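Count the sequence shown with full-length UniProt numbering and you get residues 1 to 750, in order.
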Amino acid sequence: MRNFSAALTTQALNYDYIMKEFSINVPSEALNITFTPSPNSSNTYAFVNGIEIVSHPDIYSTDGTANVVGQSTGFNIDNSTALENLYRLNVGGNDISPSGDTGLFRSWRDDTNYIFSAAIGVTEVPDPNITVAFAPGSPNYVAPLDVYRTLRSMGPNSSVNQNYNLTWNLNIDSGFSYLVRLHFCEVTDVITRVNQRVFTIFLNNQTAEQAADVIAWEGGDGNNGIAIHRDYIVLVPTGPPQQLLWLDLHPYTASRPQYYDAILNGLEVFKINDTTGSLAGLNPEPLPPTPDDESPPANSGSGGNNNNTAAIAGGVGGGIAALLLLGLCVCLISRSRKQRKDSTTSDGWLPLSLYGNSHSSGSAKTNTTGSYASSLPSNLCRHFSIADIKAATNNFDEALLLGVGGFGKVYRGEIDSGTKVAIKRGNPLSEQGVHEFQTEIEMLSKLRHRHLVSLIGYCEENCEMILVYDYMAYGTLREHLYKTQKPPLPWKQRLEICIGAARGLHYLHTGAKHTIIHRDVKTTNILLDEKWVAKVSDFGLSKTGPSLDHTHVSTVVKGSFGYLDPEYFRRQQLTEKSDVYSYGVVLFEIICARPALNPTLPKEQVSLAEWAQHCYNKGILDQIIDPYLKGKIAPECFKKFAETAVKCVCDVGTDRPSMGDVLWNLEFALQLQESAEESGKGLGGGLDIESYESTCKKDPDSSLGFDGNITDSKSSGLSMSIGGRSLASEDSDGLTPSAVFSQIMNPKGR
């Protein structure tokens, strides 16, 4: 450690105390440990609360066999390498104390605090008739048997499993290499043969293992119950002091296994010393102030380095941090008393605080304070009892499961003797769940629009967080684009869906009492009803926009990878143009029929937004569109759609159009398509590639501009005749809200 501050670290990471564990080779009989005050400040001192030294065998050397993720080379860990253990998790099981370890006195933590989103999978019960044995050459002290006897899998629903990842994220220091050790063991009598359960392992969005088959690793058919581990090296580039290490598991479908599922029994993460021999990372940056009191989710109260022994372990804590924690406790107690005194209701909102981290101490930050139920808008939406919800879902029958999202599972249900509804049940492990639950109710109960999903009601009994919506018969937009057995959508229908979603977002930005920024626009949050009408959904991350005298809202970055506005990510300043960026990614997703992020592709193609911009500037965007659409898009329509999407994903927010401009251009693109279909020109023979390429090469930055007798939407005016219909518009910046909405209601009038 160098220039290490216990106070800064505990405050920034929301920990009560910190434990550091290092593994080094000691060639002599003497081990020197020195703590020295930092020379960078005159008002510092060095301290430590405890030190433990444990001798252990060499179980972390790789001899060049550990694969470097994203590269074809191996990595050697030998006696000259120093390691710092950051995480040691018993996946799918309970905490294992040092006395329960293999004689090395290590602590293994429950993994639930590190699972990302509501898709937590299931913990399987091991077969008591299966005896766990270690693989040949693997010492029996690598991990306790209890680690291999418990596991977490994705669950029994193969169709749901193919649409999400089982994901863990872990805080790490930038600029180091990391050893990631994964422990596996098939301990059920269901999985006994090769190609029954095969999955892909991703580390930091790179493929670490394309087709992981634990039975094959264990020796082939009939060899279940064999404990094995796999080591991977992840190179983390420099950047902010701390960033997240992502571990994702996803079913591997190419081999057509019997079960589309993935498992993990244990996880260890070690930092590897750099070329100077140092393991010292930077102190974390203090969290930016959040005027809206929005706080990042709290981490485990047991600290970020969840291990208490190894070759060297030192406990470090801070008196300053302790005082801060005491102050916070006093504030919470005082605030709670005041709310109890002022409350006029006695219903069950207060227990929702139990949804915080089960291991957190009194210092853990939370968005839940006191009783909140009295301010829920019961006059605008319906309150359901838990009995009503259980009756509607047949006690949350998994057969009625529609999908899994960031907030929780979504079930199909029936209320009022036959009315179909979608019921979203919050994940009890989500620290953000309470805040999102409240936000969703507050936002949607006050909004009514044809292209926004309607909230029917909610339930918060028995510590539940349940939302009830109108049932969307055709599910999410993504279900109809890729990784699906459903027929592909015609181009004209895709355009109409784009326009519907744009109308919903335009209403949020300009039609509500205050500007509302959705913050999580993506294809899974665009739903389709029985008439294929697009409706924007999931307002859990939504924020009220800036006031008239401000240009942005300063807030903690939230959203979905692949759709997140890079400017918002860099500056932590949110505007409605962040929604425009996300919507631009959606437009590319619709025309290309591929995910916003695909880690299995070459590096330059992983991000759809970046790859589509590259192809557009090269004049080859038509080569990456959905093959089903080739020959079915009018060239003029394609050009207008592509220009609109590219402009939406500009890196600088001020260069992006408003949602009103985006909506206008999509309606225009639809009319171009309809005109071509009516005249029979421009279809059937594919896109006019030469014309398209010459346009892009002549002016690749034309963005929302038009060629010929069509001018930019921000110019003095626009006039054109298409298929006998006259299109005319004044300068969009000069339109009144009433004029804007009258045009939206009748797009054919353009």
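Note that the Cβ used here is the ideal one computed from N, Cα and C, for glycine as well. Quick caveat: nothing in here was measured; it's all calculated off a predicted structure.
Counting only runs that start and end inside the region 464-542, the alpha helix (DSSP H) elements of at least 4 residues fall at 491-506.
The alpha-carbon separation between Y482 and S560 amounts to approximately 18 Å. In this structure, R197 lies near D261, with their beta-carbon atoms less than 9 Å apart. In the displayed model, N161 falls within a helix according to three-state DSSP. Counting along the chain, the unbroken alpha helix (DSSP H) around L670 starts and ends at 659-679.
Per DSSP, E52 lies in no alpha helix (DSSP H) segment; the continuous beta strand (DSSP E) that holds it begins and ends at 50-52. Residue range 386-393 is occupied by the alpha helix (DSSP H) that includes I386. Taking a 10 Å sphere around the C-beta of P490, we find fewer than 16 other C-beta atoms and assign the residue as exposed. Remark: C-beta atoms of A46 and P39 do not approach each other more closely than 9 Å. Residues of the same chain with a CB within less than 8 Å of the CB of A254, apart from the 5 flanking positions on each side, are A211 in chain order.
Taking 9 Å as the cut-off, the beta carbon of V69 is found closer than this to the beta carbon of L235. Within the model, the alpha-carbon separation for Q206 versus I415 is close to 44 Å.
When the alpha-carbon of S607 is set against those of V649, G631, I620, I633, the nearest one is in V649. Every candidate beta strand (DSSP E) stretch fails here, since none sits fully inside the region 574-605 while reaching 3 residues. If you draw a straight line from the Cα of D111 to the Cα of F407, it comes to about 18 Å. Residue I389 holds the alpha-carbon nearest to the alpha-carbon of E461 among I497, G475, I389, E398. No Cβ-Cβ contact shorter than 9 Å links K577 with G660.
In this model, A473 and E530 are separated by some 5 Å (Cα to Cα).
Partner residues in the beta bridge of E209, as assigned by DSSP, are I201.
Between G540 and T439, the C-beta gap is smaller than 9 Å, which places the two residues in contact. As the crow flies, the alpha-carbon of L587 is around 12 Å from that of I526.
Between I263 and E209, the C-beta spacing is not below 9 Å. Collapsing the DSSP output to three states places R382 in a strand.
Partner residues in the beta bridge of I272, as assigned by DSSP, are L83, S177. In this structure, the beta-carbon distance from S177 to I24 does not fall below 9 Å. Of all alpha-carbon atoms in I590, K639, A66, Q623, the one lying nearest the alpha-carbon of T523 is that of I590. For the 9 Å CB-CB criterion, D173 and R193 do not form a contact.
For P251, the enclosing beta strand (DSSP E) starts and ends at 242-251.
For E461, no beta strand (DSSP E) run applies, since DSSP gives it neither H nor E. By the CB criterion at 9 Å, G457 and C381 fall inside the cutoff. Inclusion of N665 and T644 in the CB contact set at 9 Å is warranted, their separation being smaller than that value. Just so you know, the alpha carbons of D397 and G413 end up roughly 10 Å apart. By the Cβ test, the region 156-166 is in contact with the region 108-128, since at least three Cβ pairs between them sit closer than 8 Å. Taking C-alpha positions only, L672 is separated from R478 by approximately 25 Å. With a beta-carbon spacing of about 7 Å, L31 and I53 fall inside the 8 Å limit used to define contacts. For F184, the secondary structure class from DSSP, reduced to helix, strand or coil, is strand.
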